[in-house]
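Peer 1:
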Amino acid sequence: SSSPVKVAVTGAAGQIGYSLLFRIASGAVYGPDTPVQLQLLEITPALKALEGVVMELDDCAFPTLAGVEIGDDAEKIFDGVNLALLVGARPRGPGMERGDLLEANGAIFTAQGKALNKVAADDVRIGVTGNPANTNALIAQRNAPDIPADRFSALTRLDHNRAISQLAARTGSSVTEIAHMTIWGNHSATQYPDLFHATVGGRNAAEVVDDQAWIENDFVPTVAKRGAAIIEARGSSSAASAASATIDAARDWLHGSAADDWVSMAVQSDGSYGIPEGLIYSFPVTTSGGDWSIVQGLDIDEFSRGRMDATAAELIEERDAVQALGLI
Ligand code: NAI
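Heads up: the sequence shown begins at 2 in the UniProt record's numbering, then just goes up one per residue.
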């Protein structure tokens, strides 16, 4: 069969990595006929734990896993990669301010952007899961001037999937009956999950629900704060679902979204829907053959407009903060 695709995963010894690697290795992104070479990046102290994960990957004897390389040097690990999933990031520690968090992650994503710029394959696609995902993607993108800007995206697919699941539960439908879900903006509490364009069994979701108070006071905050609810229940942050969304996003980006549907992806704004150009903002997009395009022509009502602008304002603040730090 064909020669292996090279997939880099950063933060590979972390929680998300522990779900993500096994799914990629078993063919969830490229299918059963494409061998995958995993290129796993970690910080030095985590390499021993990562060796253990690699032992388990070996023990799965996945037919689609062609090989695994691990290391702490981004230029070595990103060499020739076709897909880079940037999951590793610095979590907010006790007493850490927002600025400290942006700075710590800035150091990681400037270095990784530069390394990708230098050594990644010409067709590389880069998906950022590590938080703050949108701004980390912006930092990596701006530090990789030779890679086309549209090759970078940040993950809002988990929010998208959460929104589908909440809407299905509310309307007593199955997730397969729901289409045209959209997450607008930042992967943060300001994100705006939009029911005004979503459909349930082909009918407009907001009309099916017919309860603006539920949308505003229940649906939107439940989706936006789902991460916190999972930490509260599980004692640690969502990992398997984040890995699954990372897979969904990469698979659909490379192999195309469903013909009669779209997906949510945070990508560089071209000014669509009045969102400032250059921000990494989540839009409804269709994908095909590794390219994405923002769905055009949706009517935006006043309520949605306010939410879309509020989440854009937060991203502008984050962009200005990393600009002030000299990271972009
Ligand atoms: P984790 O803390 O279990 O794992 C992160 C791993 O990244 C650690 O093993 C750490 O050693 C590694 N790492 C740190 N700096 C690195 C560097 N410079 N290079 C390579 N590896 C590095 O965290 P978890 O649960 O796996 O989450 C990872 C990230 O994903 C977090 O930032 C989290 O907030 C984010 N996340 C994003 C979601 C989304 O929907 N966009 C959903 C859930 C989590």
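Every residue gets a Cβ at the ideal spot worked out from N, C-alpha and C, and that includes glycine.
#1: Can you tell me the Cβ-Cβ gap for Asn144 and Thr111, rounded? I've got them flagged as a contact below 8 angstroms.
#2: Quick check: Thr45 and Leu87, are their CB atoms within less than 8 angstroms of each other?
#3: How about Asp13 and Leu41: do their beta carbons lie closer than 8 angstroms?
#4: How would you write the range of the alpha helix (DSSP H) that Ile17 sits in, first residue to last?
#5: Using the C-alpha atoms, what's the distance from Ala229 back to Lys115?
#6: On a CA-only basis, which of Val176, Ser237, Met182 and Ser175 is nearest Gly15? Give me that one, please.
#7: With a 10 Å radius around its C-beta and 16 neighbouring C-beta atoms as the bar for buried, classify Glu318 as buried or exposed.
#8: With DSSP as the reference, label Asp212 as helix, strand or coil.
#9: Below 8 angstroms on the Cβ atoms is my contact criterion, and I expect His188 with Ala134 to pass it. Report the Cβ-Cβ distance as a whole number of Å.
#10: What residue range does the beta strand (DSSP E) around Asp195 cover?
#11: Between which residues of its own chain and Val209 is the CB-CB distance below 6 angstroms, once the five residues before and five after are set aside?
#12: With a cut-off of 8 angstroms on the beta carbons, I'd call Leu66 and Ala26 a contact; round off their distance for me.
#13: Taking Ser283 as the reference, which of Asp271, Val6 and Pro146 has the closest Cα?
#14: Which same chain residues end up closer than 6 angstroms to Arg252 when comparing Cβ atoms and leaving out the 5 residues on each side of it in sequence?
#15: Closer than 7 angstroms: is that where the CB of Asn132 sits relative to any heavy atom of the ligand NAI?
#16: Please name the residue or residues paired with Met266 in a DSSP beta bridge.
#17: With Leu66 as the anchor, note down where its beta strand (DSSP E) starts and where it stops.
#18: Flag this pair as yes or no: are the beta carbons of Pro285 and Ser265 separated by less than 8 angstroms?
#19: Let me make sure I understand the geometry here. Which of Thr183, Glu52 and Leu21 has the alpha-carbon closest to that of Gln297?
#20: Measuring straight from C-alpha to C-alpha, what distance separates Asp101 and Asp321?
#21: Does the beta-carbon distance from Ile179 to Leu168 come in below 8 angstroms?
#22: When every heavy atom of the ligand NAI is checked, does at least one fall within less than 7 angstroms of the C-beta of His161?
#23: Examine the ligand NAI and report whether any of its heavy atoms sits within less than 7 angstroms of the Cβ of Thr11.
#24: Please name the residue in Ala240, Lys49 and Gln269 whose C-alpha comes closest to that of Ser294.
#25: Which ranges does the beta strand (DSSP E) cover as unbroken runs of at least 3 residues, wholly within the segment 80-108, from first to last along the chain?
#26: DSSP three-state call for Lys7: helix, strand or coil?
#27: Would you check whether the ligand NAI has a heavy atom nearer than 7 angstroms to the C-beta of Pro95?
#28: To the nearest angstrom, how far is it from the Cα of Ser242 to the Cα of Arg158?
#29: Please confirm whether Gly291 and Arg24 have their CB atoms less than 8 angstroms apart.
#30: If distances are taken between C-alpha atoms only, which option among Thr288, Glu43 and Gly279 comes closest to Ile329?
#31: So is Asp160 buried or exposed if we call it buried at 16+ other beta carbons inside 10 Å?
#32: For Ile140, is the classification buried or exposed, using 16 other Cβ atoms within 10 angstroms of its Cβ as the cut-off for buried?
#33: Specify the secondary structure class of Val129 as computed by DSSP and reduced to three states.
Peer 2: Once the coordinates are examined:
#1: 5 angstroms
#2: no
#3: According to the sequence provided, residue 13 is Ala. The question's Asp does not apply to it. Closer than 8 angstroms, so yes.
#4: Gln16 to Ala26
#5: 33 angstroms
#6: Ser237
#7: exposed
#8: coil
#9: 5 angstroms
#10: Tyr193 to Asp195
#11: Thr172 and Val201
#12: 4 angstroms
#13: Asp271
#14: Val30
#15: yes
#16: Phe284
#17: Leu66 to Gly72
#18: yes
#19: Thr183
#20: 14 angstroms
#21: yes
#22: no
#23: yes
#24: Gln269
#25: 84-87
#26: strand
#27: no
#28: 10 angstroms
#29: no
#30: Gly279
#31: buried
#32: buried
#33: strand
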